[in-house]
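Heads up, the thing below is written out as structure tokens.
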Amino acid sequence: MGKIVSATYDENMNYIKDGRIVPPVITVKHLVKNFGSHEVLRDLSFMVRPGEVVCVIGSSGSGKSTLLRCINLLETPTKGLIKYKDETKFSDEAGGSSWPVNKYRTKVGMVFQSFNLFNNMTVLQNCMVGTRKVLKKDKKTSYDLAMKYLTKVGMAPYINAKPAQLSGGQKQRVAIARALTMEPEVLLFDEPTSALDPEMVGEVLHVMEELAQEGLTMVIVTHEMAFARDVSTRTIFMDGGLIAEDDIPERLFTQPKNPRTREFLSRFLNSGQIQAAG
Ligand SMILES: Nc1ncnc2c1ncn2[C@@H]1O[C@H](COP(=O)(O)OP(=O)(O)OP(=O)(O)O)[C@@H](O)[C@H]1O
Ligand SMILES: [Mg+2]
């Protein structure tokens with residue numbers, strides 16, 4: 006696989022589109038998250054601009070899931086600022102916005118490792134419930150959106166199946182379709198392929214690759230290094246609750262600046278998942 010999305014960054018890692026810096030869709034500033042006395046995120050700042058595909062890599066326990074969960078407000082940050090476009094979603098100073106959190110989550114969707122489908126509902130019902138209940142779409146619109154995105158992920162033939170009748174890869178593709186029916190501005194993925202049997206990883210990564218090519222803004226926590234290298238426009242390496250390195254994958258995977266990044270990547274080099282710089 007070669008590089009699939011071309012992107013331009015300035016020297017401060019600002020994403021440039023049509024010759025200018027695009028305003029961010031997500032802004033995270035000085036984010037701190039403590040669980041009891043354990044400081045899991047330690048003053049973390051970054052932005053996501055429309056069209057970026059940001060892969061987040063790092064060791065187990067470095068805080069990757071906590072970061073995504075804070076962005077989506079599944080966790081309440083301890084300190085810092087989270088903004089969606091110009092709207093403050095969390096601030097320890099000014100007080101959060103009045104937006105209901107479920108409306109925010111239609112704009113900033115999330116796909117989980119464990120799919121989180123409703124097991125008592127069919128594939129079609131899973132993909133209609135959000136647009137019906139949260140976006141208040143009529144039945145026809147909701148059905149059309151479900152079919153559009155189930156077709157995109159190759160799951161339209163399974164509309165009447167229940168999740169238990171599907172393979173892991175199929176369930177994850179349904180979960181992605183369900184997230185897409187809300188037509189979010191950003192989709193967050195927390196290790197979407199980690200719960201899958203190896204032979205099903207490819208079909209899910211392929212769907213995500215197509216979404217990247219179509220310009221969907223994504224933040225993807227992943228252990229799939231070749232995918233991160235080829236599909237992300239920018240890769241973030243997290244270490245001990247901090248962003249240790251934030252760079253274009255062409256540099257981060259071949260000439261990491263931080264010794265911790267080098268050490269982390271060498272484990273994947275040794276396992277053959279990625280090749281050494283040529
Ligand atoms: N709800 C919680 N209560 C207490 N500690 C938590 C909670 N959630 C996460 N932690 C701790 O925060 C740290 C970071 O966890 P997190 O799940 O964000 O890491 P991660 O980078 O996603 O790891 P992995 O690659 O294993 O998924 C870990 O030490 C974890 O034990
Ligand atoms: Mg995690």
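Position in the sequence shown (first residue = 1) + 5 = the numbering used here. In this text, a Cβ means the ideal position worked out from N, Cα and C, and glycines have one as well. On a predicted model such as this, the values are computed, not experimentally measured, just so you know.
Rounded to whole angstroms, what's the CA-CA distance from residue i to residue j? Just pull it up for me.
i: Gly85; j: Lys94; result: 11 Å
i: Asn107; j: Glu44; result: 27 Å
i: Arg265; j: Ala217; result: 28 Å
i: Cys60; j: Met187; result: 22 Å
i: Leu72; j: Met126; result: 30 Å
i: Glu92; j: Thr81; result: 17 Å
i: Met205; j: Ala231; result: 16 Å
i: Thr146; j: Tyr154; result: 12 Å
i: Gly283; j: Gln260; result: Because Gly283 sits at a pLDDT of 40, beneath the cut-off of 50, its placement in the model cannot be relied upon, and the point is left open.
i: Ile248; j: Gly173; result: 31 Å
i: Val139; j: Gly24; result: 37 Å
i: Lys142; j: Met152; result: 14 Å
i: Ser271; j: Arg178; result: 31 Å
i: Ser50; j: Met133; result: 35 Å
i: Leu210; j: Ile76; result: 23 Å
i: Glu268; j: Leu79; result: 31 Å
i: Asn124; j: Ile87; result: 33 Å
i: Glu16; j: Ile253; result: 11 Å
i: Ile279; j: Asp244; result: 20 Å
i: Tyr163; j: Asp48; result: 45 Å
i: Asp149; j: Ser96; result: 38 Å
i: Pro203; j: Tyr89; result: 35 Å
i: Lys144; j: Tyr109; result: 22 Å
i: Ser42; j: Val212; result: 40 Å
i: Phe120; j: Asn165; result: 18 Å
Pick from the options: whose alpha carbon is nearest that of residue i?
i: Glu208; options: Asp91, Lys176, Val33; result: Lys176
i: Pro168; options: Lys141, Leu122, Ala182, Leu72; result: Leu122
i: Leu257; options: Val10, Lys90, Arg239; result: Arg239
i: His228; options: Ile62, Gly220, Glu190; result: Ile62
i: Lys8; options: Ala233, Lys141, Ser70; result: Ala233
i: Thr111; options: Phe120, Thr136, Glu98, Ile87; result: Thr136
i: His35; options: Leu79, Ser65, Glu98, Pro28; result: Glu98
i: Ile241; options: Ser11, Ser64, Ser42; result: Ser64
So residue i and residue j are in contact, right, with Cβ under 8 Å, and what is the actual spacing, rounded?
i: Val53; j: Val30; result: 6 Å
i: Met160; j: Val128; result: 6 Å
i: Phe273; j: Ile225; result: Not quite, the Cβ-Cβ distance comes to about 16 Å (not below 8 Å), so this is no contact.
i: Ser199; j: Gln130; result: Wrong, their Cβ atoms sit about 26 Å apart, outside the cutoff.
i: Gly66; j: Gly220; result: Contact doesn't hold; Cβ gap of about 33 Å is too wide.
With distances taken between CB atoms, is the gap from residue i to residue j smaller than 7 Å?
i: Ala180; j: Val158; result: no
i: Ile26; j: Thr13; result: no
i: Asn263; j: Glu255; result: no
i: Leu192; j: Met223; result: yes
i: Leu46; j: Val33; result: no
i: Pro189; j: Gly114; result: yes
i: Gly68; j: Gly277; result: no
i: Val236; j: Glu215; result: no
i: Asn39; j: Thr83; result: yes
In three-state terms, what does DSSP make of residue i?
i: Tyr148; result: helix
i: Gly283; result: Caution is warranted here: a pLDDT of 40 is assigned to Gly283, below 50, making its placement in the model unreliable, and the coordinate value is therefore given only provisionally. Residue state, collapsed to three classes: coil.
i: Phe232; result: helix
i: Arg267; result: helix
i: Met52; result: strand
i: Ile225; result: strand
i: Met187; result: coil
i: Val27; result: coil
i: Asn125; result: coil
i: Gly159; result: coil
i: Thr13; result: strand
i: Lys138; result: helix
i: Phe258; result: coil
i: Phe273; result: helix
i: Asn131; result: helix
i: Ser70; result: helix
i: Lys108; result: helix
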